[in-house]
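Everything below concerns the one structure shown next.
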Amino acid sequence: MTDTEEAAAPVAPSIDEAEVAKFEAMAEAWWDPSGTFAPLHKFNPVRLAFIRDQAAAVFGRDALGQLPLAGLRLLDIGCGGGLLAEPMARLGAIVTGIDASPRNIAVAGLHARQSGLAIDYRAAAPEALAEAGETFDVVLNMEVVEHVADIGQFMSACAALVAPGGMMVVATINRTPKAFALAIVGAEYVLRWLPRGTHDWRKFVRPSELAGALRPTGVEIAELTGVTYNPLADTWRLTRDLDCNYLALCRRR
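Numbering (this note's numbering), first residue to last: 73 to 325.
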């Protein structure tokens, strides 16, 4: 595939085509730290540190070493333009990134090549990889679950991709009044961090619903951590507050 070619769009029961279209329309902005995805650029340091530290603990690595994820097979589901996939590759992981948007994959692939990184990007849904029997040591499921059509189908496919002894990190938004006020009214209408309509409060996911979707899969939540924004420091930090954004560390039983 050349830099300008795009793969065919994947088809899967969990894919919400209207949600994919929202992000496909913004694909060219992924690597602009002041553009549409500026909130993700600001959010990246805290989630990168969480993934690195949890993976180091699970696999007995030195989190502060030069390549703490060396040799680990890592899958980034809903990778977008590669904002997580590239740092994971720099930490030593063998990275595969998948996205339902071929345009996102084209942008991610071009940026990785320009950065000298070997990342296996595919326009694919997790169902396709699960059907092929692929598994990974680390599965990243970040800010995706609140955009899918069928959470049960989606989480079942994602869980099937976690290798024995492996881990999955899920990042999403709780369905609470506080999350409506902050993630939709605040982020989309007041601060205008995101285009209006980026999120649908009805699709936000409570931790209990995430746990319920995982229960039949053999993968379970081991730890829940909240993430909150400090407007004075313009940074995100980990917290015990799960009322809005939260991270779930999941392990195969």
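Idealized CB from N, CA, C, for every residue including glycine. This structure is a prediction, so every number in the text was calculated from the model and none was measured.
Here's a check: name, in chain order, each residue in its chain whose Cβ is nearer than 8 Å to the Cβ of residue i, leaving out the five neighbours to either side.
i      : result
Ala81  : Val92, Ala172, Ser173, Pro174 and Ala195
Asp306 : Lys114
Asp125 : Ala135
Glu260 : Leu266, Pro267, Arg268, Gly269, Thr270 and His271
Asp88  : His219, Val220 and Ala221
Ile191 : Gly154, Ala157, Glu158, Ala161, Val167, Thr168, Gly169, Ala180, Gly181 and Ala184
Asn302 : Trp308 and Arg309
Pro288 : Ser228
Ala110 : Asp104 and Trp265
Who does residue i pair with in a DSSP beta bridge?
i      : result
Thr31  : Beyond the ends of the chain as shown, which are 73 and 325, falls residue 31; an answer cannot be given.
Gly284 : Answer by DSSP bridge pairing: none, since Gly284 is not bridged.
Thr168 : Leu147 and Asp192
Glu292 : Arg323
Span of the beta strand (DSSP E) holding residue i?
i      : result
Ala235 : Val234 to Ile245
Ala195 : Asp192 to Ala195
Ala320 : Asn317 to Arg324
Asp209 : Phe208 to Met214
In chain order, what residues of the same chain lie with their CB nearer than 7 Å to the CB of residue i, ignoring the 5 residues before and after it?
i      : result
Thr74  : Bear in mind that the predicted position of Thr74 carries a pLDDT of just 46, short of 50, making it unreliable; the figure below should be weighed with that in mind. Answer for Thr74: no residue qualifies.
Lys250 : Asp315 and Cys316
Val130 : Met239
Arg312 : Gly298
Ala285 : Ile223, Gly224 and Met227
Leu296 : Pro279, Leu314, Tyr318 and Ala320
Ala235 : Thr207, Phe208 and Asp209
Leu112 : Leu155
Ile333 : Because the chain here runs from 73 to 325, residue 333 falls outside it and cannot be looked at.
From which residue to which residue does the alpha helix (DSSP H) around residue i run?
i      : result
Leu201 : Pro198 to Glu203
Val179 : Pro174 to Gln186
Arg274 : That residue, Arg274, is in no alpha helix (DSSP H); it is neither H nor E in DSSP.
Arg158 : The identity of residue 158 in the sequence shown is Glu, whereas the question assumes Arg. From DSSP, the alpha helix (DSSP H) with Glu158 extends over Ala157 to Arg162.
Throw me the rounded Cβ distance for the residue i and residue j pair, which I believe falls under 8 Å.
i      : j      : result
Ala197 : Val291 : Incorrect: roughly 18 Å between the Cβ atoms, too far for contact.
Thr244 : Val217 : 5 Å
Val210 : Leu310 : Wrong, their Cβ atoms sit about 19 Å apart, outside the cutoff.
Ala165 : Leu141 : 4 Å
Leu139 : Leu163 : 6 Å
Ala202 : Ala229 : 5 Å
Among the residues of its own chain, which have a CB less than 6 Å from the CB of residue i, if the five just before and after it don't count?
i      : result
Thr76  : Reliability of the predicted coordinates at Thr76 is poor, the pLDDT of 44 falling under 50, and no value is obtained from them.
Lys275 : Glu218
Glu215 : Ala243
Ala330 : The first residue shown for the chain is 73 and the last is 325, placing residue 330 beyond what the model contains.
Gly237 : none
Glu96  : Ser173 and Arg175
Glu128 : First, the amino acid is wrong: residue 128 is Ala here, not Glu. Excluding residues within five positions, the ones whose Cβ falls inside 6 Å are Ala135 and Pro140.
Worksheet item: At which residue ranges does the region 81-150 contain complete alpha helix (DSSP H) runs of 4 or more residues, listed in the order of the chain?
Response: Complete alpha helix (DSSP H) runs here, min 4: 89-96 and 110-131.
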